[in-house]
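Single-structure report; data block below.
Chains as they are written, first to last, in the numbering used here: chain A, 18 to 132; chain B, -7 to 104.
What follows is the structure, encoded as structure tokens:
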């Protein structure tokens, strides 16, 4: 199956710092990548959809200046949490989908803890 | 912020028995459905998918059933094993929509 690599798997940072999370499709070209956030015992909440070479589309209520998304190539998307605060602590997961495909393949997730 | 006190619907099943996980979806325009398995602190893992022009699809030890009349999806796991313990999510792709909408999730606990 298709492999999506997400890094780092865990990050602890101080309040006010920025954190970058990378998502890579290793064996296919991902025309579309998605970023999700997940709270304990809850489902995945879509934050934004990014298409290679264009601006990300953010879901309602997600601050685009807070969560910067870049999808500069067909195999890499990044999510930067800017000026992180304790309420940003969560599990962030990316997924990738090839052109013309429906299946989203997920990364392993990143546990962000902001102190 | 994070919510507390939430409990996922939980299915406890004896090892070797069959499991059935149910999901109600909301959009009658949805034309594609996926089941994912998620273990603790990991990303969701694709299990099986089905298109709306089918009502049943089988994989290895898993079967997905789709009832469009009542907008219901189920996942059957045969001979459940301890490694099947996880949270299972159904997801629907609304026709023409770029996105997947995820269900709330069901916790499966396999008792050895």
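Positions of the beta carbon are idealized from the N, C-alpha and C atoms, including for glycine.
Bear in mind the structure is a predicted one, so any value in this text is a computation, not a measurement.
In the three-state reduction of the DSSP assignment, residue 104/A falls in the helix class, which pools H, G and I. When the five nearest sequence neighbours on each side are left out, the beta carbons in the same chain lying within less than 6 angstroms of the beta carbon of residue 95/B are those of 15, 81, 82, in order along the chain. Proximity of chain A to residue 24/B at the Cβ level (cut-off 8 angstroms) is accounted for by 119, in chain order.
When C-alpha distances from residue 47/B are compared across 101/B, 62/B, 92/B, 103/B, the shortest belongs to 62/B. In this structure, the CA atom of residue 65/B is about 38 angstroms from the CA atom of residue 36/A. Residue 32/B has its alpha-carbon roughly 23 angstroms from the corresponding atom of residue 56/B.
The stretch 119 to 132 of chain A makes contact with the stretch 103 to 111 of chain A; the number of CB pairs closer than 8 angstroms reaches 3 or more. A residue is called buried when at least 16 other Cβ atoms come within 10 angstroms of its Cβ; residue 58/B meets this threshold and is buried. Beta-bridge pairing by DSSP links residue 74/A to 66/A. Remark: C-beta atoms of residue 26/B and residue 67/B do not approach each other more closely than 7 angstroms. Its chain contains 19, 115 as the residues whose beta carbon lies nearer than 7 angstroms to that of residue 45/A, once the 5 sequence neighbours on both sides are disregarded; these appear in chain order. For the stretch 26 to 49 of chain B, residues whose beta-carbon sits nearer than 8 angstroms to a beta-carbon of chain A comprise 26, 28, 33, 34, 35, 36, 37, 38, 41. Within the model, the alpha-carbon separation for residue 94/A versus residue 86/A is close to 7 angstroms.
The beta carbon of residue 82/A lies closer than 6 angstroms to none in the same chain, with the five residues before and after it left out. The residues 29, 30, 31, 32, 103, in chain order, have a CB closer than 8 angstroms to that of residue 132/A in the same chain once the five nearest residues on each side in sequence are set aside. Between the alpha carbons of residue 49/B and residue 42/B lies a distance of about 7 angstroms. Contact with chain B is found for residue 66/A, since one of that chain's Cβ atoms lies less than 7 angstroms from the residue's Cβ. When DSSP states are grouped into helix, strand and coil, residue 75/B belongs to the helix group. When 70/B, 23/B, 98/B are compared, the shortest CA-CA separation from residue 6/B is found for 70/B.
In terms of Cα proximity to residue 76/A, the closest of 76/B, 91/B, 20/B, 35/B is 91/B.
Residue pairing by DSSP places residue 21/A opposite 42/A in a beta bridge. Residue 43/A is outside the set of residues whose beta carbon lies under 7 angstroms from a beta carbon in chain B. Under the three-state reduction of DSSP output, residue -1/B falls in the coil class, being neither helix nor strand.
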